[in-house]
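Under the working numbering, the first residue of the sequence shown carries the number 55, and numbering increases by one thereafter. Quick notes on the structure that follows.
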Amino acid sequence: MYKYQEISEKIREEIVNGNFKAGGLLPDQNQLAEAYDTTRITIRKAIQSLIIEGIVYTKRGAGTFVRKDYLQNLDEGNSIDKPLGTTRTHPNKKVTSKVLNLDARLPNQEEQANLMITATEPVYVIDRVRYINKKVYSYEHTIMPTAVAQITREILEGSIYSYLMDKCHLTISGSHRIVKADKATQQDTKALGIGEGEPVLVIQQVSYLEDGEPFEFSKSRFPYQTSQVTADVNLKN
55 MYKYQEISEK IREEIVNGNF KAGGLLPDQN QLAEAYDTTR ITIRKAIQSL
105 IIEGIVYTKR GAGTFVRKDY LQNLDEGNSI DKPLGTTRTH PNKKVTSKVL
155 NLDARLPNQE EQANLMITAT EPVYVIDRVR YINKKVYSYE HTIMPTAVAQ
205 ITREILEGSI YSYLMDKCHL TISGSHRIVK ADKATQQDTK ALGIGEGEPV
255 LVIQQVSYLE DGEPFEFSKS RFPYQTSQVT ADVNLKN
């Protein structure tokens, strides 16, 4: 894990523990650099990471503030719009997984296009159900090139993103997402425990490493009763 990632984790913990208040102003970058014994450059990257996650925001000339709705979204389970996975966006909750499938095969045309790989580069096919505090949260179908990392069922029972970042030392820079509504399929009824034909929220996502290489193409499906997407729109002159 890079230094800025360690710092962003510590700041996130301070927010969750209430040491940095929701809606409140964070210490300035010089103060944070001194507090965490690092440089302003590292602090700037840590803050940028938290902005991407939707935890803080900046006001020109005023500083960096904790989002007022961040802890509320954690409590209500509304963090599906964050780019760093279920476990890292719910740090104060118990996230578990039920692995339905782990296989490897050659990619189809859609997977090749989204992952920018050739037809001869094998991929993992991963299906699992995610739970938050023992309640069904989502059904995930993930395609990942086998060249990215060695994946086991044991890893899938935890957090893939934590494994990639902490154990494989990969840096995840962000995701491109398409959000849409759909009707529940037979697979959804089995995985999510909902009726066939009920509405579900679908997030199709391609995630990228620091060098711009796609490492994941996934489609996650959420019961409509417990899902929403929050979007921030910033208008700049």
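Ideal Cβ positions, reconstructed from N, Cα and C, are used throughout, including at glycine. Since we're looking at a predicted model, the values are computed, not measured.
Under 8 Å between C-beta atoms of isoleucine 209 and tyrosine 217
yes
Close Cβ partners of proline 268 (< 6 Å) along its chain, the five nearest in sequence each way excluded:
Counting only Cβ-Cβ distances below 6 Å, and skipping sequence neighbours, we find Leu169, Met170, Val260 and Tyr262.
Please name the residue, chosen from Tyr58, Gly212, Lys189 and Val149, that lies closest to glutamine 102 on a Cα-to-Cα basis.
Tyr58
Reference threonine 111, options Leu80, Leu255 and Lys188, closest by Cα
As written in the sequence, residue 111 is tyrosine, which differs from the threonine given in the question. The candidate whose alpha carbon is nearest that of tyrosine 111 is Leu80.
Glutamine 163, buried or exposed, once every other Cβ within 10 Å from all chains shown has been counted against 16
exposed
Just to confirm the assignment, what range does the alpha helix (DSSP H) spanning glutamate 107 have?
Element bounds for glutamate 107: n/a, residue is neither H nor E.
Would you mind sorting aspartate 41 into buried or exposed? The rule is 16 or more other CB atoms within 10 Å of its CB.
The chain is shown from 55 up to 291; residue 41 falls before or after that span and cannot be answered.
Exposed unless 16 or more other CB atoms sit within 10 angstroms - verdict on proline 199
By the beta-carbon neighbour count (other beta carbons within 10 angstroms, threshold 16), proline 199 is buried.
So, at 7 Å on beta carbons, what are the nonlocal neighbours of glutamine 166 in its own chain, with the 5 sequence-adjacent residues on each side left out?
Thr172 and Ala173
Residues that isoleucine 226 bridges to, as DSSP identifies them
Leu263
Does alanine 56 come out as helix, strand or coil in the three-state DSSP assignment?
Per the sequence shown, residue 56 should be read as tyrosine rather than alanine. The answer is coil: DSSP assigns tyrosine 56 none of H, G, I, E or B.
Beta strand (DSSP E) segments (min. 3 residues) lying fully within the segment 55-97:
none
What is the DSSP secondary structure of arginine 231, counted as helix, strand or coil?
DSSP, read as helix, strand or coil, puts arginine 231 in strand.
Beta-carbon separation of asparagine 155 and valine 179 under 8 Å?
yes
What is the DSSP secondary structure of leucine 156, reduced to helix, strand or coil?
strand
Segment limits, beta strand (DSSP E) that includes aspartate 181:
Counting along the chain, the unbroken beta strand (DSSP E) around aspartate 181 starts and ends at 177-186.
Isoleucine 214 in three-state terms, based on DSSP
helix
In terms of DSSP beta bridges, what is tyrosine 193 paired with?
Val183 and Arg275
Name the residue from Arg114, Gly115 and Glu107 whose alpha carbon lies nearest to the alpha carbon of arginine 121.
Glu107
Have a look at tyrosine 191 and leucine 86 and give me their C-alpha separation to the nearest angstrom.
35 Å
DSSP has glutamine 258 in a bridge; who is on the other side?
Ile232 and Lys273
Please state whether DSSP places threonine 174 in a helix, a strand or coil.
In the three-state DSSP reduction, threonine 174 falls in the coil class, being neither helix nor strand.
Got a sec, what are the start and stop residues for the beta strand (DSSP E) threonine 239 sits in?
Element bounds for threonine 239: n/a, residue is neither H nor E.
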